[in-house]
Amino acid sequence: SEIIKTYFARYPTIRQFLDQLAEDAKRNGYAETVFGRRRMIEGIHSKNKMILSGAERMAVNTPIQGTAADLVKIAMVRLFYALKQAKLKSRIIMQVHDELVLEVPKDEVEATAKLVKEYMEGAGDDKFRVPLTVETGVAHNWLAL
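Numbers 914 to 1058, taken from the numbering used here, label the letters of the sequence shown in order.
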């Protein structure tokens, strides 16, 4: 579409980066997250254009979306142990994309929110030079979120 063409014209290094990800996957047979987790890319050498196109999309998306998933999982594991160490009753009950949902007793809201922010923002400290910012929210039920 015209919007995408304009975007890549304005930011050509992004197009080069994405093309390089696809080339790396063709050479290696896999795509890799910043943390080194590999995903095999089936169809990356296919002569069928539809299969190849899907494989190239997977090769480009994996380092980006996979790294985001890695960050959340790292934060979740570290937060789990931090909650235990702090002897809090708060519990992680699920992950939804880039969010963590916790059940938190009222008297632990402030302490738990502080830990959530600390561990989610710190998940990529050893890999990224840009800060990761996190917002926390509190609701009495899921409908209110």
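For each residue, glycine too, the CB sits at the ideal point set by N, CA and C.
Am I right that residue i and residue j are in contact with their C-beta atoms under 8 Å? What's the rounded C-beta distance?
| i | j | result |
| --- | --- | --- |
| residue 971 | residue 987 | With a Cβ gap of about 22 Å, residue 971 and residue 987 do not count as contacting. |
| residue 938 | residue 957 | 5 Å |
| residue 935 | residue 973 | 6 Å |
Tell me where the beta strand (DSSP E) around residue i begins and ends.
| i | result |
| --- | --- |
| residue 1057 | Careful: residue 1057 lies outside any beta strand (DSSP E) and carries neither H nor E. |
| residue 943 | 943-945 |
| residue 952 | 951-953 |
With distance defined between alpha-carbon atoms, name the residue in the options nearest to residue i.
| i | options | result |
| --- | --- | --- |
| residue 931 | 1051, 965 and 977 | 977 |
| residue 1037 | 1054, 982 and 1055 | 982 |
| residue 1048 | 937, 939, 1013 and 994 | 1013 |
| residue 1032 | 1019, 1046 and 1021 | 1046 |
Need the endpoints of the alpha helix (DSSP H) that residue i sits in, please.
| i | result |
| --- | --- |
| residue 923 | 915-923 |
Does the distance from the CB of residue i to the CB of residue j come in under 8 Å?
| i | j | result |
| --- | --- | --- |
| residue 1025 | residue 979 | no |
| residue 1028 | residue 996 | yes |
Considering only residues of the stretch 972-1040, which uninterrupted alpha helix (DSSP H) runs meet the minimum length of 4 residues and lie entirely inside it, listed in chain order?
980-998 and 1022-1034
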